[in-house]
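The next block holds one structure in the form of structure tokens; read it before the comments.
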Amino acid sequence: MFTHEDLAKLQAQSLKMQSWIRQQTFSPEMEKTLRRFSSWEVAELIFKVNQSTLRGRLAADPSLPQGHVEEDGRQRWYSLEEINELRRRIKINRKSLMPPRPEGKRALRVAISNFKGGAGKSTVALHFAHAAALDGYRVLCVDFDPQATLSHSMGLSDVTEDYTVWGIMARDLVRETERMNASTRGAETGAALPERVLPEAITGMGLQDLRINDFIKPTSWPTIDLVPSCANAAFVEFASAQYRHLNPEWSFFAAVSRYLDQVSADDYDMIIFDCPPAIGYQSMNAVFAADMLYIPSGPGYWEYDSTTSFIGQLSEALEDLSAFNGVVPAGTFTLPKAFLDVRFLLTRYESGNDLHRAMRDAFIKVFDGRMADHPIEMTRAVEQSGRFLSSIYEIDYRDMTRETWRRARASFDQAYEEFKGYAAEAWDKMEDRS
Numbered sequence: 012m013f014t015h016e017d018l019a020k021l022q023a024q025s026l027k028m029q030s031w032i033r034q035q036t037f038s039p040e041m042e043k044t045l046r047r048f049s050s051w052e053v054a055e056l057i058f059k060v061n062q063s064t065l066r067g068r069l070a071a072d073p074s075l076p077q078g079h080v081e082e083d084g085r086q087r088w089y090s091l092e093e094i095n096e097l098r099r100r101i102k103i104n105r106k107s108l109m110p111p112r113p114e115g116k117r118a119l120r121v122a123i124s125n126f127k128g129g130a131g132k133s134t135v136a137l138h139f140a141h142a143a144a145l146d147g148y149r150v151l152c153v154d155f156d157p158q159a160t161l162s163h164s165m166g167l168s169d170v171t172e173d174y175t176v177w178g179i180m181a182r183d184l185v186r187e188t189e190r191m192n193a194s195t196r197g198a199e200t201g202a203a204l205p206e207r208v209l210p211e212a213i214t215g216m217g218l219q220d221l222r223i224n225d226f227i228k229p230t231s232w233p234t235i236d237l238v239p240s241c242a243n244a245a246f247v248e249f250a251s252a253q254y255r256h257l258n259p260e261w262s263f264f265a266a267v268s269r270y271l272d273q274v275s276a277d278d279y280d281m282i283i284f285d286c287p288p289a290i291g292y293q294s295m296n297a298v299f300a301a302d303m304l305y306i307p308s309g310p311g312y313w314e315y316d317s318t319t320s321f322i323g324q325l326s327e328a329l330e331d332l333s334a335f336n337g338v339v340p341a342g343t344f345t346l347p348k349a350f351l352d353v354r355f356l357l358t359r360y361e362s363g364n365d366l367h368r369a370m371r372d373a374f375i376k377v378f379d380g381r382m383a384d385h386p387i388e389m390t391r392a393v394e395q396s397g398r399f400l401s402s403i404y405e406i407d408y409r410d411m412t413r414e415t416w417r418r419a420r421a422s423f424d425q426a427y428e429e430f431k432g433y434a435a436e437a438w439d440k441m442e443d444r445s
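Position in the sequence shown (first residue = 1) + 11 = our numbering.
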């Protein structure tokens, strides 16, 4: 017989193992640090220029960052801060190395979402965030998944639920309830709506007094920040149901959208959501706040079946939310919800596998024009990056054969470049910020 006390003991044992694992994967201080990047990586893979061209620019201007030379080595190694300074100051053929960013528009929000656990949502979110940072973008990630895989991979583990999406939703409940109670009621009909009273258990937490940046944590990547998650945030589904009962007019699904609207439009270029493998209060907040929906799926039949169920139930859920149209002030958000783009991406794909090829053909046929052309291939390097809570961009190519590393990186590079193209098209459709 197992009681809650036995489960607590098992968790305590597991937490000790977690500490040991972090010591193996992170620095001795249990903090994740970002490696330096070699000059050939900076030239060929990041700036996409000839190595000799970059060397010539560095030699011509000694004030530019010159990198670090390791003992007994000739290769120069650059931090991401140094890479970004080079990007700002160098032009190749009179063209800037800065990434395209439309003027007058806020950060693009992208939700990585699907029902299926193991579909690669966290892996895609992690790699797209890292690829975008290497591309020169400033990125905010939001971890909606209580499994907190993305948060752990970003090096954040000691997080309390107050500073997760649950905290954002509880903060929004109090603030929205106060706004509703203070507003004029029944202006059209003359009927006054009842005043909503929240219990001390909610208002007494003080979450309504937290500032926007209190939820945003830095990561080991200087241009990536994170709204983290943690296991304790799993009860948000139960809490949110209670919150809706306390204030039925509260548009719970727009809490994160309202929060992000308060983040300075110039702080980030891209905001990437890692969603849980279910449709619930957190995932609905993610998809409602998103401008673009990216749906990863493995190449098996059951994953195809799960993806089909996901888009069907998501459609029904978004249709139900339309009932809130007119309940909140005009201009707060727009219903029914519309995405600027929806794309499907195959993950863990093996080109030599007959079943994978057949399922890819099925995906392409069904989701005609919505499928990404470049699936993410399963390679040994990809498996290794997952085991060590790192992206392929964080792994030093000297830890394996360069060819193995380059093949894995090429798969993610192609997927990211295609994603960036779709993102640029979506950005063009976005209305200018007022």
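Note that the Cβ used here is the ideal one computed from N, Cα and C, for glycine as well. Note that the coordinates shown come from a computational prediction; the quantities given were computed from them, not determined experimentally.
query: Backbone CA spacing between K348 and M295 [nearest angstrom]; result: 11 Å
query: Simplified DSSP state of S49, which is helix, strand or coil; result: strand
query: Nearest-angstrom Cα separation, counted from F335 out to A341; result: In this predicted model, A341 has a pLDDT of only 48, less than 50, meaning its place in the structure is not dependable enough to derive any value.
query: A421 - containing alpha helix (DSSP H), residue span; result: 413-440
query: Contiguous beta strand (DSSP E) assignments of at least 3 residues, all confined to the stretch 338-388; result: 352-357
query: Under 8 Å between C-beta atoms of M303 and E260; result: no
query: CB of V247 within 8 Å of CB of W313, strictly; result: no
query: Contact between the stretch 432-443 and the stretch 346-365 (3+ Cβ pairs under 8 Å); result: yes
query: Counted within 10 angstroms of its Cβ, other Cβ atoms place P73 as buried (16 or more) or exposed; result: exposed
query: Cβ-based burial, A426 [other Cβ within 10 Å; buried from 16]; result: buried
query: Proximity below 8 Å, CB of F126 to CB of S320; result: yes
query: As assigned by DSSP and simplified to three states, the class of Y270; result: helix
query: Selected residue, minimal CA-CA separation from E172, among L161, G215, P239; result: P239
query: Same chain only: Cβ atoms within 6 Å of R68, ignoring 5 sequence neighbours per side; result: I101
query: Residue burial classification, L21 (beta-carbon count within 10 angstroms, cutoff 16); result: exposed
query: Sub-8 Å separation of I282 and A328 beta-carbons; result: no
query: Residues near P287 by beta carbon distance below 8 Å, same chain, minus five either side; result: F155, D156, P157, Q158, Q293, S294
query: Outcome for N95 when other beta-carbon atoms lying within 10 angstroms are tallied against a minimum of 16; result: buried
query: Three-state secondary structure (DSSP) of M109; result: coil
query: M370 vs Y404 beta-carbon contact at 8 Å; result: no
query: Own chain residues within Cβ distance below 7 Å of A71, not counting five before or after; result: none
query: Alpha helix (DSSP H) segments (min. 4 residues) lying fully within the stretch 161-221; result: 176-193, 211-214
query: Residue from S49, E42, S63, A142 with nearest C-alpha to R420; result: A142
query: Alpha helix (DSSP H) runs wholly inside the stretch 282-331, at least 4 long, in chain order; result: 292-300
query: Three-state secondary structure assigned by DSSP to K127; result: coil
query: Identity of the residues DSSP links to K102 by a beta bridge; result: S107
query: Rounded C-alpha distance that separates V2 from D331; result: Since the first residue of the chain shown is 12 and the last is 445, residue 2 is not available in this structure.
query: Cβ neighbours of D146 in the same chain (closer than 6 Å, five flanking residues each side left out); result: P110
query: Residue of E42, D424, D384 minimising C-alpha distance to D169; result: E42
query: Opposing strand residues paired with C152 [DSSP bridges]; result: L237, I283
query: Range covered by the beta strand (DSSP E) that runs through Y89; result: 87-89
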